[in-house]
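Reviewing the structure listed below.
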Amino acid sequence: MVALTYAQEGKQIDCDAIKVCQDMMKQNTGIFSTFRGDMGLYIATLLSLTEDPQAVFRETLIVYDLLKAERFRASDFLIVAAFQVASQSQKSDYARVIQRTRAFYDDMKAKHFFYTGADDYIFATMLGLGNLDVTASTARIEKIYDFLKNEFWTKNSVQTLAQVLVLGESDDAGVDRVLVLRDAFRSEKIKLDKAYTLPILGILALLPVDSNSLIPEIDRAQAFLRNQKDFGSFSVSQQELLMLAASMVVNDFADKFKDDMTRAALSTSISLL
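The opening residue of the sequence shown carries number 4 in my numbering; numbering runs sequentially from there.
Written out as structure tokens, the structure is:
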């Protein structure tokens, strides 16, 4: 996750900067804080890429408390959501963004009580940060979910896929493209329709690139990664390798087309890996 986050920014990993941010987080949080949990390293990585890590972390803590005040439960996912709000909005806009995030999440929970949980906080926040209408967007998520739910095994991942497509403002043709890409990848034994790779499949569907271009790019990325140190089959499974390779391809094309929304969706998906 650390390597992929730095790669997305086109930078070499700065271990010293990450360590400084980890120490800063420890100095400003309690021993049982969620900021010291599984997502702590990821947050430190994100902070290390900002111009003023201390200021951003200070705001992240403020937003985290505001989110908890809005009945969001403390979790690793909530600290990522707090960072998103702190780093992508003005302080004067925190209340509006958090209220929108709550509205998106509540609507998802009302429609899919058992599938919607803390892991949906991050995409709900991304939707809250934008200007999409809450009612229309949640209805659109549900429509896409109903269309795709029988095409894939994991229903929770289908909901995430629908969130990706709505975040990317995909039309019906874009939704159909998910299935076209899935079948094209399957024919080449590239399985992007599994639980953790399904959001990446959705992001690929948002790109104005056909499968004939995507398939060889993903194959090349997989071959490149597999030949790198610590990426052997005993260290990285084939599915993990595919996920990393597909993420690299998405990032490359998103840069080429200057597609900030796709990059945002990719960043959000990386946090769920």
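Just so it is clear, CB atoms sit at the ideal spot from N, CA and C, and this is done for glycine as well.
So, under 8 Å CB-CB, residue i and residue j are touching, yes? Tell me the CB distance rounded to an integer number of Å.
i	j	result
residue 162	residue 118	5 Å
residue 99	residue 137	Contact flag wrong, Cβ pair sits at about 12 Å.
residue 180	residue 195	Their Cβ separation, rounded to whole angstroms, is 13 Å, which puts residue 180 and residue 195 out of contact at 8 Å.
residue 7	residue 168	Rounded, the Cβ-Cβ distance is 22 Å, inconsistent with contact.
residue 73	residue 94	Incorrect: roughly 16 Å between the Cβ atoms, too far for contact.
residue 130	residue 164	14 Å between Cβ atoms; not a contact.
residue 10	residue 78	With 8 Å as the limit, residue 10 and residue 78 do not qualify as a contact, their Cβ atoms being about 26 Å apart.
residue 132	residue 92	6 Å
Who are the near neighbours of residue i in its chain, counting only those whose CB is closer than 7 Å to its CB and skipping five residues on each side?
i	result
residue 67	81, 82 and 85
residue 145	114
residue 224	248, 251 and 252
residue 57	27
residue 22	none
Closer than 6 Å by C-beta to residue i: which residues in its own chain qualify, once you throw out the five before and the five after it? Chain order, please.
i	result
residue 34	none
residue 45	4
residue 112	119
residue 198	157 and 160
residue 214	184 and 187
residue 208	177, 180, 181 and 184
residue 212	256
Start and end of the alpha helix (DSSP H) containing residue i?
i	result
residue 86	79-91
residue 213	Per DSSP, residue 213 belongs to no alpha helix (DSSP H) and is neither H nor E.
residue 230	Run containing residue 230: none; DSSP gives neither H nor E here.
residue 191	Premise fails: residue 191 is in no alpha helix (DSSP H) and is neither H nor E.
residue 145	137-151
residue 74	Note, residue 74: premise wrong, no alpha helix (DSSP H); not H, not E.
residue 125	124-132
residue 46	43-51
residue 38	From DSSP, residue 38 is part of no alpha helix (DSSP H); its letter is neither H nor E.
residue 197	Careful: residue 197 lies outside any alpha helix (DSSP H) and carries neither H nor E.
residue 97	97-114
residue 14	Per DSSP, residue 14 belongs to no alpha helix (DSSP H) and is neither H nor E.
residue 31	Note, residue 31: premise wrong, no alpha helix (DSSP H); not H, not E.
residue 239	Element bounds for residue 239: n/a, residue is neither H nor E.
residue 163	158-170
Among residues of its own chain, excluding the 5 on either side of residue i, which ones have a beta-carbon nearer than 8 Å to its beta-carbon?
i	result
residue 25	43, 44 and 47
residue 59	50, 53, 86, 89 and 90
Please confirm whether any heavy atom of the ligand ADP lies closer than 7 Å to the CB of residue i.
i	result
residue 170	Judged by which ligands are present, the structure shown has none, so any question about the ligand ADP falls away.
Take every Cβ of the segment 67-76, pair it with every Cβ of the segment 18-34, and state whether three or more of those distances are shorter than 8 Å.
At 8 Å Cβ cutoff, the stretches do not touch.
Is it a yes or a no for the segment 197-216 touching the segment 226-238, going by three-plus beta-carbon pairs under 8 Å?
no
Are the segment 119-132 and the segment 148-155 touching, with three or more C-beta to C-beta distances below 8 Å?
no
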